Every structure is written in structure tokens, then in C-alpha cells.
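Peer 1: Residue numbers (the working numbering): 66 to 603.
Where is the CB? At the ideal position from N, CA and C, for every residue including glycine.
What you are looking at is a predicted structure, and each value in this text was computed from that prediction instead of being measured.
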């Protein structure tokens, strides 16, 4: 369906692809992975001809339809949700409107010749609508919108009433409904809650066309894709299977390559020793020269360059008391509308690692903001325990950076007593090295801004960390570092996240907000899922 041959792409003075050969078959489910800034989004844009390649060729089979969901916020007209989704199929809905008009005209026209023309047009419209499956289209529209979390009352709301995250869902819904031969999805889960992610997994697994996913969600990749393509050092490497299989295969490949490299190095060293010993010998110089020519012809085995990743641990915090936080008879309303009510006492103790779960709009971020004092409870008690030092990483934490600062000054502004060496050492752990520390914050990518915001979070030792979607924009290696840091953290944290792998590997308690109440599960995420599945069978 698509074939790249010796393709090279230079983007912003960076070699993104170099002489790559790659193909996409009609039913492929491909996970495209790579570090932040490696060029995954650029490759997607090349496939839809939004970016040009410099060398090589790209073949796209005639008639192949491709749609692309980028990470950029879409621009919509001032329509309602349902009208915007219908606008994906303007011809079909125009024909339906015409069909209704023709039907009305047929009921009042009496002249045989005019009636014959109307009947002929009516038959044509019926056949054309049937050919395009118009009878199932509206049902499909509501199925997709519901799967992505929209309620029945949402469909008549103006697009402008929805937040940026919900507008990304609208863009995703429109692409899914188009049912192209190839779906290109760049971080489609970033703005979805867990329920919508699970629905999207099921939809994509059953999808009859090809799908290329850029995602840093391990569990999502494991559940959807059957092939991994890694973009590393401007080359593409293919691995059969899902992400977990890729990890095993890559480790085996690297071990085999390292062994072959060692054997070759030993052989070359042995040959070089022979050359050095006999190149001046009257009797064996010809053998030495022959051996030297042989060495020149040997293709050297190159070991892959290790991708750089961040490194950090949370600074040693002062110990808090046993009870870190107490919530009692807590209630929150907005403009008279109840968000949630806690008709009980909730004690959060030292060492609790809590994930707050629930659908979009149930009040997860509101609860977090109440804990840090940005929102006030309508009634009830929020009481911190002895010696609690609070740290907060907001969902939009990167947006709170000073975009006009250089990276170096963004840290200095918080800790003016730090030495240049201390600031550089901290930034280096987040991959801001050498001259890069003088780059403007506003010019950084989304992932780089998230890393810088995370670096700032480490400047103040805290024993209660609150985080709202901390893994958004982090690549998988960076996410792994964050997971390990949280596993080693001896105190308490509360996190909102839609990343199931992240939650499963870091949290020991679940707070679920649903039906305007908070339910506590004193167990990890996988045990919570088992309990929820059991509840559904009762």
C-alpha cells in the first residue's frame, strides 16, 4: 500500500531519516516509537505530504485514503458537535436533504412528466445513499461519539464550549468515521480517560484498514499493534509483535550484535598483529599485505548509539507524620451543580501511593486543586498532618514556564543561590547540556518543556507529591525513569493519570470518582480491575 525507498528527510537542520526503506501493508497495525525529537511526527507528515522528503521515493497505491490526527489543536467552525461530525460527510447529508425535498415534491406534483423526473431522481438518490451505507452512518456517529466519552446532551452543544482536550476527541471521532485505508494517529490517548482508551483499543483492533500509532502508552501499544517500528538515529527498524515483544527482541538483537562485534574486534586485532609482525619480512610481507587488504574490505560491525534519557531521583524529603492528609464530609459544587460528596472520613497515610481515577469531568483535577488550595471546598474538612511539605505538578505545568527565559535562567529564578555548576548538573540530568542551556524556553518541544518543568519540581524536597497527568509528552524511556523514581520515593504521592502501565507499576491504592462519590480501593491497579470485573458479573 505504501513503500518508502532510500528515503531521506532533513528537518530543522536535523537528519530525521537517512536512506530508509519501509512498507505498510493494508491491514498492518504498527506502533511507531522513538525518543522525543527523533522525528516520528515528521515521518507521519511526510506520509500525508505535509512535509517533503529530500531524497529517495515514496509509493502510495492508487486510491489509498489516508487521514492524520496530529498533536496540534484542530480549528473548527462555529457548529454544534453533531453538525461538525456530519460535516465530515457533506455529500451524504446533502443527498438526504435533497431526498426529503424530492419526496415532498412527489406528494404535490400531478403532471406525469414532472412526476417521472422526480421518481427517477428519488430512485437515484436512494441507490446512492444505499451504496454509501448512509442508513448506518448516523448510528456509527453516535457509537463513536459515545465511545469517546460524549453524552447525548453534548451533541447539540457548540464546539466552542468544549475544552481543547475534548476538541481533540472531536477530531479523532471524525477521522475514525471516515474509515480510511490508513489511519495515522499521533498520541491519540493524550486527551482520553481510561474508559475511552479501552474503547479505542477495541475499535482499532477490529479496524479493517491499516493503522500507524505514535504512542508512549505501553499498555495501549501492547493491546493494539502487531508490529513495532523504531525510529532511532535516523533509521527505521521493524520488530514483529507488540511492545513487550519488541523489548525482548531488541535486547536479544543487541546482545547478538555485541557478541558479533566482540568476535570481529578480536579477529581484526589478531590480523593486525600478523600484519605488524610480518609486513617488513622478506618471506611473509606478501601475506601481510594480503591480510591488510582483507581487513580494509571487512565491513565493520557498528554498535547502535545509546539513546540519551533523563536521570533523576526525588531529593530526600523530611519525614511526615503517620497521617499525611485527612478529608472529612467533603463536598464540592459549581454554580449549584454537585461535583462530588465524601460522606466519610478519608485518611491518607505516609507511604500511600494513590491514583485518582474516573471519567473526564467527574472532578479529579478539581479535587487536586482543592488539596493545593487553588479551589475551595463547598463544605467539609481538608487537614494536612504533621510536617507535610507539598509539591504539585499540574497537567499544564509546562505552560507555567516563562517562555521568554533561557533554560538556565528558568532554574536560576527558583534557586538564585545555586552555583552555575549545580544548575548545569541538574539540567544535564534532563538532557539540557552544553549550549542548549541557553535556548529559549518558548522554542522547546512539548516533551522538552515537560522535562524542564519536572526538573524544577526537584528543587524543593517534598514529602507529599501531587501530580496531574505527569506522563503526558514523556517518551517511554523518560517515563521509565519517572516510574523508578516514584517506586523509590519513601513518602506519599497522589497522581491523576490515564496511563494504565504507569498506575499499575507505581500505585498501591485507587480512589475512584464516579456517580458524584469517591470509592477507595486499598489495592493496586490490576487488583482493582479484577474487583471491578467481578462487580460487573454480580
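What are the uninterrupted segments assigned as beta strand (DSSP E) that are 3 or more residues long and contained completely in the segment 535-569, given in chain order?
Peer 2: Correct list: 557-561.
Peer 1: Am I right that residue 583 and residue 389 are in contact with their C-beta atoms under 8 Å? What's the rounded C-beta distance?
Peer 2: Indexing the chain shown from 1 puts residue 583 at position 518. Indexing the chain shown from 1 puts residue 389 at position 324. No, residue 583 and residue 389 are not in contact; Cβ-Cβ is about 17 Å, not under 8 Å.
Peer 1: Just mark residue 499 as buried or exposed, buried being the case when its beta carbon has 16 or more other beta carbons within 10 Å.
Peer 2: Indexing the chain shown from 1 puts residue 499 at position 434. So residue 499 counts as exposed.
Peer 1: In the DSSP assignment, the beta strand (DSSP E) including residue 86 goes from what residue to what residue?
Peer 2: Position 21 of the chain shown, counted from the start, is the residue given in the question as residue 86. Taken as a continuous stretch (DSSP letters only), the beta strand (DSSP E) holding residue 86 covers 79-89.
Peer 1: Below 8 Å, how does it come out for the segment 443-452 and the segment 469-481: are there three or more Cβ pairs, yes or no?
Peer 2: No: the two stretches stay apart, fewer than three of their Cβ pairs being nearer than 8 Å.
Peer 1: Are the beta-carbon atoms belonging to residue 66 and residue 126 less than 8 Å from one another?
Peer 2: Translated into the one-based positions of the chain shown, residue 66 becomes position 1. Translated into the one-based positions of the chain shown, residue 126 becomes position 61. Yes; because the gap between Cβ atoms is below 8 Å, this pair is in contact.
Peer 1: Would you kindly work out how many angstroms separate the C-alpha atoms of residue 302 and residue 539, rounded to a whole number?
Peer 2: Translated into positions along the chain shown, residue 302 becomes position 237. Translated into positions along the chain shown, residue 539 becomes position 474. Near 21 Å, if we compare the C-alpha coordinates of residue 539 and residue 302.
Peer 1: Determine, using beta carbons only, whether residue 496 and residue 509 come nearer to each other than 8 Å.
Peer 2: Locating residue 496 in the chain shown gives position 431, counting from the first residue. Locating residue 509 in the chain shown gives position 444, counting from the first residue. The answer is no: Cβ separation not under 8 Å.
Peer 1: So, at 6 Å on beta carbons, what are the nonlocal neighbours of residue 421 in its own chain, with the 5 sequence-adjacent residues on each side left out?
Peer 2: The sequence position of residue 421 within the chain shown is 356, counting from 1. 429, 561, 576, listed in sequence order.
Peer 1: In chain order, what are the residue ranges of uninterrupted beta strand (DSSP E) at least 3 long that sit wholly in the segment 115-144?
Peer 2: Runs found: 120-125, 131-134.
Peer 1: Cα separation between residue 98 and residue 172?
Peer 2: Numbered from its first residue, the chain shown carries residue 98 at position 33. Numbered from its first residue, the chain shown carries residue 172 at position 107. Going by the C-alpha atoms only, they are around 60 Å apart.
Peer 1: May I have a chain-ordered list of the alpha helix (DSSP H) segments no shorter than 4 residues that lie completely inside the segment 328-406?
Peer 2: Those alpha helix (DSSP H) runs which fall completely within the segment 328-406 and span 4+ residues are 350-362.
Peer 1: When you compare the segment 124-138 with the segment 341-350, are there three or more beta-carbon pairs, one atom per stretch, that lie closer than 8 Å?
Peer 2: No: fewer than three Cβ pairs fall under 8 Å.
Peer 1: Please classify residue 327: is it buried, with 16 or more other beta-carbons within 10 angstroms of its beta-carbon, or exposed?
Peer 2: Locating residue 327 in the chain shown gives position 262, counting from the first residue. Exposed is the call here.
Peer 1: Residues in its own chain within less than 6 Å of residue 526 by CB, not counting five upstream and five downstream?
Peer 2: Mapped onto the chain shown, residue 526 falls at position 461. Excluding sequence neighbours, residue 526 sits near 380, 382.
Peer 1: Assuming residue 236 and residue 210 form a contact by the criterion Cβ under 8 Å, report the distance between their Cβ atoms to the nearest whole angstrom.
Peer 2: Against the chain shown, residue 236 aligns to sequence position 171. Against the chain shown, residue 210 aligns to sequence position 145. Actually they do not touch by this definition, with Cβ atoms about 12 Å apart.
Peer 1: Can you tell me the Cβ-Cβ gap for residue 296 and residue 104, rounded? I've got them flagged as a contact below 8 Å.
Peer 2: Position 231 of the chain shown, counting from 1, holds the residue named residue 296. Position 39 of the chain shown, counting from 1, holds the residue named residue 104. Sure, about 6 Å apart at Cβ, within 8 Å.
Peer 1: Buried or exposed: where does residue 154 fall if 16 or more other Cβ atoms within 10 Å of its Cβ makes it buried?
Peer 2: Translated into positions along the chain shown, residue 154 becomes position 89. Residue 154 should be labelled buried.
Peer 1: Using the Cβ count rule (16 or more neighbours within 10 Å means buried), how would you classify residue 280?
Peer 2: Stepping through the chain shown from its first residue, residue 280 is reached at position 215. With 16 or more other Cβ atoms within 10 Å, it is buried.
Peer 1: Could you give the first and the last residue of the continuous beta strand (DSSP E) run that contains residue 272?
Peer 2: Against the chain shown, residue 272 aligns to sequence position 207. First-last for residue 272: undefined, no H or E at that position.
Peer 1: With distances taken between CB atoms, is the gap from residue 413 to residue 543 smaller than 8 Å?
Peer 2: Start at 1 with the first residue of the chain shown, and residue 413 comes out as number 348. Start at 1 with the first residue of the chain shown, and residue 543 comes out as number 478. No.
Peer 1: I'd like to know if residue 484 contacts chain D, where contact means its C-beta is closer than 8 Å to some C-beta of that chain.
Peer 2: Considering every chain present, this structure includes no chain D. It has just one protein chain.
Peer 1: For residue 151, I'd like the list of residues in its chain whose CB is within less than 6 Å of its CB, leaving aside the five on either flank, ordered along the chain.
Peer 2: Numbered from its first residue, the chain shown carries residue 151 at position 86. For residue 151, where only same-chain residues beyond five positions count, the Cβ hits under 6 Å are 158.
Peer 1: Are there three or more Cβ pairs, one per stretch, closer than 8 Å when the segment 219-231 is compared with the segment 130-148?
Peer 2: Yes: at least three Cβ pairs fall under 8 Å.
Peer 1: How about residue 240 and residue 134: are their beta carbons less than 8 Å apart?
Peer 2: Here the question's residue 240 lines up with position 175 in the chain shown. Here the question's residue 134 lines up with position 69 in the chain shown. Contact flag set, yes.
Peer 1: Please list the terminal residues of the continuous alpha helix (DSSP H) segment that includes residue 178.
Peer 2: Your numbering for residue 178 matches position 113 in the chain shown. Segment 177-196, the alpha helix (DSSP H) holding residue 178.
Peer 1: Can you tell me the Cα-Cα spacing of residue 96 and residue 320, whole angstroms?
Peer 2: In the chain shown, the residue the question calls residue 96 occupies position 31. In the chain shown, the residue the question calls residue 320 occupies position 255. Looking at the two C-alpha atoms, the distance is approximately 23 Å.
Peer 1: Between residue 270 and residue 287, what straight-line distance do the alpha-carbon atoms span, to the nearest angstrom?
Peer 2: Residue 270 sits at position 205 when you count from the first residue of the chain shown. Residue 287 sits at position 222 when you count from the first residue of the chain shown. So the alpha carbons of these two residues sit roughly 11 Å apart.
Peer 1: Could you tell me how far apart the beta carbons of residue 605 and residue 537 are, in whole angstroms, since I believe they sit closer than 8 Å?
Peer 2: With the chain covering 66 to 603 only, the question about residue 605 has no answer from this structure.
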